[in-house]
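To start, the structure itself, in structure tokens.
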Amino acid sequence: MPSLINKKTEIFKIVAIYFLFGCAWIYLSDSILGWMVRDTGTLTTVSTYKGIFFIIFTSALLYLLLVRFNRKIDTTAEEHRKSDERFNFLVKNTSDILLIIDRDGRQWYVSPAAERLTGFTIKELEGKRIFEIIHPEDAQTVEDAWQEALKHPQKPITVRYRHIHRNGRWIYCEAIAQNFLDEPAVNGVIASIRDITENTLAVQALAEKDALLSAIVRNLPFDFWVRDVDQKIILQNDKSIELWGDLLSNPNNDWAFDPSTIETWKSNNKRALNGENISEECELVNINGEKRFYHNIIVPIWDRDRKLGILGINIDITDRKHAEQSLHDSEQRFFHAFQYAPIGMALASPDGKYIKVNRAFCHLTGYSKQELLAKRFQDITHPEDLKTDLAEVQKMLSGEISTFQLEKRYIHKDGHPIWILLSVSSILNEDGTVKHFVAQVLDISSRKQTEDELRKGELLMKKIFDMLPIGLWFLDKEGNVRHQNAMGWEIWASEPGVPFLGPRKIQAWRLPSLERIDEEDRASVKAFRKGITTVDELIEIESLDGKRKTVLNYATPIFDDEGKVDGAIVVNLDISDRRKLEEQLLQAQKMESVGRLAGGVAHDFNNMLSVILGNIELAMSTLSADAPVQARLNIVKDAAKRSANLTQQLLAFARQQPVSPRLLDLNATVEEMLKMLRRLIGEDIELTWIPGKNLGSVNVDPSQLDQILVNLCVNARDAIGDTGKMSITTQNVTIDQALSSVYSEIPPGQYVMLAVSDNGCGMDKGTLLHLFEPFFTTKSQGKGTGLGLATVYGIVTQNNGFIDVSSVPGKETVFKIYLPLHVPPSDASIDTVETDEPIRGNETILLVEDEPMLLDLTKMMLDKLGYNVITAMSPTEAIRLIHEIQCKIDLLITDVIMPEMNGRDLAKNISTHCPGLKVLFISGYTADVIAHHGVLDKDVHFLQKPITGKDLAAKTREALEATATLEL
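Following the numbering used here, the numbering of the sequence shown begins with 941 at its first residue and continues without gaps.
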């Protein structure tokens, strides 16, 4: 701001200049005149003129001085005006409130910013004491600052407080005040007030967050610590202090306990400091001397490229390790429970054939396990007892009874009869029919033993009871547990010595109906209250640890000397794992049967399709392109090709389709499929194609890749329903160790990823678990076979690839297929160019095919190509022709699967007479004759049925021009 002009000073300057100039003029002019003019008259005249000139010059000088004075006054006034405008602009537009407060604390000037920050008008604020609008809790703080400002003029005083807003909320403010009460121009205290609400709340929130994080870390139920790069402890939570001591307060105690623990710590810490992520189980000794198992996790802490230290977690897994050991022991006991049970036990099919027998049963009958598994129970039953036995079995098969018990005789292997007590119960299928019989066989010849033998038997049974790998419970007549063995505790997940009311108080369901069993209907309760024996009751229980188990339950009453019920014995056999294995075996057998059926059907079907397609092609080739029937023939041809695709899918599912992998550009393959895929999914679904850049090659059979794309796109289309979006993406992906830990099934390496995503209905976790199971489908009946995704899974795994599926119900589903990246040799070609014109030849070909129509059709195709064709309908005929004909055979074209011998054996036989023979195999499926694990053997030329003239021409030429011959 320009300096203010002092008017008195300026006036004094004008007078002084005028005075000095006047004095100088008078003195100098008189001196000069006195020296120059001596005549008095002349001197008077000159003096008069001198006076006139003096008046003129002094007037001019005075005018100039006054003009300068006025101009300076005007300039200063303009500067004052501009300064005031700038000041007012700053005051109006500053975000801070400016106040001038009198000695009593009243605001006599308030800047416009106050209206924006407080909501009050300036009129409402002016004249109001500052203490009226301050939070009561901050009043004393502001009062102290006010008094400080009054005591120290012009000293900046800073204070923070809360200011009331018009809407009732409080604003956090920071005020800087200076006392100018003694300055007449101000006569007040000037205060600058800034709104710091946002910063204050942010600081408070940060403090609360820090406090929360600190509390979380401090109260974590596991050991948590942080060390710097020198391995000095810088953070410990309460659990860490409890286990290892307060190392922050006592750094000298670090490493001051068990040597093996110290060695483990230092080794793991060093590895983590070198950048390794540590996650392993180890045994450590804490500060209390307790040796426990911990899951030790240590990771390096980075700040961009700078290593700050390491973070460690120790989770106590001692109980889990003990539980794992207990589970292992339990499984071992279960494994031996059946095998080493003291009574004969057997599992039989509905027709009586033995499926499983234990050692006691073998010992009882005298037969070995292998001998019994080849027999039925009818074979070892005494002829006089067989009728009664079969009658009881028939009642069980009809559903009239579920269990029976009788005394009967077995014929021992050496021919003597054995009296046994037979208890039989049934295991039912879901439809209620009998799946298996479970038999308990007790040798009751011991009833005739002497008292001494009975006493020895009782003593033996007591020892066996203590060692039995099955759960045994002795209940009194009130149902309380009096005795039990270790396996009993294991089955119910209890601990010996802990009060337990026994099996009758545990939740149980009857299998297979899963009907809840009421207490009064439990086998144990019926045994000690009603004296009812329950044998081979298949139930599902919920043990004390919450796990569901399948148990074979036996309960029998104990009678006193008067025949009254005095308690009960309960026997539990945990067969959970065995049931799972049985279900898996059944599923595997079913899938094997389906696979064989699929292969056989595809073989016959492909023969018929070959005849259809071949004759259509021949018919179309004889007609002009504009013939009306051409369109109809094209429809039939397309239908036949779709049928062929169906057989390919069946063969892929059954793993009986030979594949010929070759290096492919995935982008080019997808590009070729796009038009067909868009037609397949319909116009209402938007298909987006996002090809990856510089995409690597994959080694896959092209037809398999087509199957993957079609199945995934059809699946996505069905998930979308009406309208939606679908995308196909390709990308090079490198799975490193870190990603491999996330995708546990995918080993590290380089892959080419093919992703198909949609915004359809999505899938829940339950559906994802069964997604790739054959015949599993969520579609309505008739809209899905359940083979599509199973086929995709089979193809991907066959090509050493992996599938990752993610889905959000109601939003989206993404299938990501990872195929190993293959780097082609410098002389390899990824894409082959095919000509539309079939390649002709004149060589001699021996054609062997056991299907007459297909034989004639194939010969006709080869004849049209110019080849000399010799035909045979069987391997025997082909071998005979080789011996009879004199001409050289250039190529053998043979079916793979034929009645007398397969195509490979035929080629091997003929090659002994025709060294260097070249062979082309044709078949609907190969049954591993020319392929292993679904991949064609080296140098094998193979044409998949159904065949077309174009494919036959190309493959024939390829086989004839091959330099390598097949190793037979």
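Note that beta-carbon positions come from the ideal geometry of N, C-alpha and C, so glycine has one too.
May I ask you to report which of helix, strand or coil DSSP gives residue i?
| i | result |
| --- | --- |
| Asn1369 | coil |
| His1762 | strand |
| Arg1011 | helix |
| Asp1506 | strand |
| His1262 | helix |
| Gln1310 | helix |
| Ile1770 | Because Ile1770 carries a pLDDT of 46, less than 50, the predicted location of this residue cannot be relied on, and the following value inherits that uncertainty. In the structure shown, Ile1770 sits in coil (DSSP, three-state: anything other than H, G, I, E or B). |
| Asp1383 | strand |
| His1235 | strand |
| Asn1655 | helix |
| Glu1391 | In this prediction, Glu1391 has a pLDDT of 46, which is less than 50 and means its spatial position is unreliable; what the coordinates show is noted afterwards. If DSSP states are grouped into helix, strand and coil, Glu1391 belongs with the helices. |
| Val1126 | coil |
| Asp1501 | coil |
| Thr1321 | strand |
| Ser886 | This structure cannot speak to residue 886, because the chain is shown only from 941 to 1908. |
| His1872 | Here His1872 scores only 44 on pLDDT, less than 50, and its place in the model should not be relied on; the value that follows carries that caveat. Residue state, collapsed to three classes: strand. |
| Val1099 | strand |
| Ser1697 | strand |
| Ser1363 | strand |
Kindly give me the distance between the Cβ atoms of residue i and residue j, rounded to whole angstroms, as I take these residues to be in contact under 8 angstroms.
| i | j | result |
| --- | --- | --- |
| Asn1651 | Gly1741 | Incorrect: roughly 15 angstroms between the Cβ atoms, too far for contact. |
| Glu1789 | Asp1744 | Actually they are not in contact, since the Cβ atoms of Glu1789 and Asp1744 sit about 44 angstroms apart, beyond 8 angstroms. |
| Leu1802 | Leu1787 | 7 angstroms |
| Trp1208 | Ile1238 | First, the residue type needs correcting, since residue 1208 is Asn and not Trp in the sequence shown. Confirmed, about 5 angstroms. |
| Gly1554 | Leu1797 | 4 angstroms |
| Gly1700 | Ala1656 | 6 angstroms |
If you measure between the beta carbons of residue i and residue j, is that distance less than 8 angstroms?
| i | j | result |
| --- | --- | --- |
| Asp1168 | Gly1249 | yes |
| Thr1305 | Lys1348 | no |
| Gly1419 | Val1465 | yes |
| Val1754 | Thr1670 | no |
| Lys1487 | Ala1448 | no |
| Val1551 | Leu1761 | no |
| Thr1343 | Ser1365 | yes |
| Val1378 | Ile1367 | yes |
| Lys1885 | Ser1863 | yes |
| Gly1067 | His1105 | no |
| Ile1479 | Asn1493 | yes |
| Tyr1758 | Val1673 | yes |
| Gly1664 | Asp1704 | no |
| Leu1224 | Thr1201 | yes |
| Leu1001 | Phe959 | no |
| Trp1413 | Ser1385 | no |
| Leu1846 | Leu1860 | no |
| Ile1829 | Cys1854 | yes |
So, for residue i: in the same chain, excluding its five sequence neighbours on each side, which residues have a beta-carbon less than 7 angstroms away from its beta-carbon?
| i | result |
| --- | --- |
| Lys1470 | none |
| Arg1299 | Gln1279 and Tyr1280 |
| Val1341 | The question names Val, yet the displayed sequence has Ile at residue 1341. Counting only Cβ-Cβ distances below 7 angstroms, and skipping sequence neighbours, we find Lys1335. |
| Asp1624 | Asp1662 and Thr1663 |
| Glu1293 | The sequence shown places Lys at residue 1293, not Glu. For Lys1293, where only same-chain residues beyond five positions count, the Cβ hits under 7 angstroms are Arg1316. |
| Ser999 | none |
With a CB to CB cut of under 6 angstroms and the five nearest residues on each side skipped, what residues in its chain are close to residue i?
| i | result |
| --- | --- |
| Gly1411 | Met1427, Gly1428, Ile1431 and Asn1512 |
| Thr1852 | none |
| Leu1183 | Asp1163 and Asn1226 |
| Ala1631 | A quick correction: the sequence has Pro, not Ala, at residue 1631. Hits under 6 angstroms: Asn1607 and Thr1670. |
| Thr1775 | Unreliable placement is indicated for Thr1775, whose pLDDT of 47 sits below 50; no coordinate value is reported for it. |
| Leu1251 | Val1166, Val1239 and Ile1241 |
| Thr1258 | Arg1232 and Phe1233 |
| Glu1477 | Ala1463 and Asn1493 |
| Arg1069 | Gly1045 and Arg1046 |
Within a Cβ cutoff of 8 angstroms, which residues of the same chain sit near residue i, ignoring the five residues on either side of it in sequence?
| i | result |
| --- | --- |
| Arg1556 | In the sequence under discussion, the amino acid at residue 1556 is Ile, which differs from the Arg named in the question. Closer than 8 angstroms at the Cβ level, and outside the excluded window around Ile1556, lie Leu1573, Val1576, Lys1577 and Ala1580. |
| Met1401 | Pro1282 |
| Met1285 | Phe1278, Val1297, Asn1298, Ala1300, Phe1301, Val1378, Ala1379, Gln1380 and Val1381 |
Report yes or no: is there a C-beta of chain C within less than 8 angstroms of the C-beta of residue i?
| i | result |
| --- | --- |
| Asn1512 | The structure shown contains no chain C; it is built from a single protein chain. |
Discussion item. For the region 1104-1113 against the region 1126-1140, do three or more pairs of beta-carbon atoms, one drawn from each stretch, fall closer than 8 angstroms, so that the two count as touching?
Written reply: yes
Worksheet item: Counting pairs of beta carbons, one from the region 1067-1078 and one from the region 1089-1103, are three or more of them closer than 8 angstroms?
Response: yes
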